[in-house]
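Note that the sequence shown covers residues 10 to 278 in my numbering.
Think of the CB as a built atom: it goes at the ideal place given N, C-alpha and C, for glycine as much as any other residue.
Quick caveat: nothing in here was measured; it's all calculated off a predicted structure.
Step one of this worksheet: look at the structure below.
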Amino acid sequence: MEKVIAKKKFGQNFLKDNTVLQKIIEAMPKNDNKVVEIGPGLGDLTKELVKYKEVIAYEVDADLIGLLKEKFDKEIQNSKLTINFGDVLEFWEKNKTLYGEGKYDLIANLPYYIATNIILKAFDDINCENIMVMVQKEVADKFIAEVGDREFSALGVLTNTISTQSKIVVVVPPESFEPAPKVDSAVIYIKKNLSVSLEKRFKDFLKSAFASPRKKLSKNLTAVVSKAGLDSIYKELDIKDDIRPHELSASLYRQIYEKVIKNGNELRN
Ligand code: SAM
């Protein structure tokens, strides 16, 4: 078989480290859910996943069709593996979910140029229950950050709000990939609470809250809520006036937001 040249434009860094592959498999949620894999690439992770689960994969690179179809001929025949060729974001846009017949877990070594977007889409996909994905370490730290951490941002608040558990499974050095990326990577695990959803208004509210991350939170929020309204909410919730955006817990963000909405203070945009 011809050697495949990795394409930068598709974020192709193929995982070549068996120890990391095994760590992903060991950390896989134990349940009957299907697995969705975004970007099977040369199929190294796919090969492990199909040993345990039925897999639905999405791959944008048409040059990999032949290779994947040949490699997984048996699994495709017996429906252990379905591969959809095309841009996963377009499938999501069109179908709203990556698997419409029940719950699924997203397990993937993501293309880094769209990794944040993919995780946010998975948060909104009502059939996605668990997310276990490889991303840049810097992105992993943002999603997994806890209140008080320097990296705690709107992404950390969203993860805290939507999940019952979130953690870093393993940190992965550049040498584990071919070609090696410039930065460290990490696999993160997020278990979603399927009874929670993240409305757009809440996401917009958080965007305003973290607009200037080192300024006082109250300063950021007065761009969208009246000063008087905010003062009384701070008092009710016993929040200090000089608190900075990364110092407030996800649950207090939610409470402020709900009070703003309840008080009929439509958010100004
Ligand atoms: N799973 C393989 C592995 O672990 O070695 C490949 C991972 S590589 C980091 C990312 C994969 O995502 C590539 O196969 C790439 O072609 C694919 N990809 C990139 N953009 C995509 C998109 N918009 N939709 C679907 N797949 C995409």
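Counting only runs of at least 3 residues, the region 77-159 fully encloses the following beta strand (DSSP E) elements, listed from N- to C-terminal order: 90-94, 113-118, 137-145. N136 is not a Cβ neighbour of T173, given a cutoff of 9 Å.
Counting along the chain, V178 sits inside the beta strand (DSSP E) bounded by residues 172-181. With a cut-off of 8 Å, the C-beta of Y243 is classified as distant from the ligand SAM, since no heavy atom of the ligand falls inside that distance. For the 9 Å CB-CB criterion, M141 and I47 do not form a contact. Annotated as proximal: L215 and L167, with beta-carbon spacing under 9 Å.
In the DSSP annotation of this structure, the continuous segment of the alpha helix (DSSP H) that includes S241 starts and ends at 236-246. Its Cα nearest to that of N169, the residue A259 stands out among K80, K271, L246, A259. Relative to the non-hydrogen atoms of the ligand SAM, the Cβ of F23 comes within a distance shorter than 8 Å of at least one. In this structure, DSSP gives F219 a state outside helix and strand, which the three-state scheme calls coil. Around the CB of Y67, 16 or more other CB atoms lie within 10 Å, so the residue is classed as buried. Closest by C-alpha distance to K151, out of M143, G157, V144, S162, is S162. Q31 is classed as exposed because its beta carbon has fewer than 16 other beta carbons within 10 Å across all chains shown. For A195, the enclosing beta strand (DSSP E) starts and ends at 194-201. In the same chain as D96, and ignoring 5 residues on each side of it, the C-beta atoms closer than 7 Å to its own belong to V69, in chain order. Taking the Cβ of D193 as the reference point, every heavy atom of the ligand SAM lies at 8 Å or farther away. Between the ligand SAM and the CB of K16, the shortest heavy atom gap is smaller than 8 Å.
Boundaries of the beta strand (DSSP E) harbouring V64: 64-68, taken from the DSSP string. At the C-beta level, D134 and K105 come within 9 Å of one another. Of the candidates V156, V269, F94, the residue whose Cα lies closest to the Cα of R210 is V269.
Y108 has its CB no nearer than 8 Å to any heavy atom of the ligand SAM.
Only exposed fits Q86, as fewer than 16 other CB atoms lie within 10 angstroms of its CB. When the five nearest sequence neighbours on each side are left out, the beta carbons in the same chain lying within less than 7 Å of the beta carbon of A36 are those of M141, V178, Y198, in order along the chain.
A distance below 9 Å separates the beta carbons of E63 and K43. If you draw a straight line from the Cα of V196 to the Cα of A237, it comes to about 44 Å.
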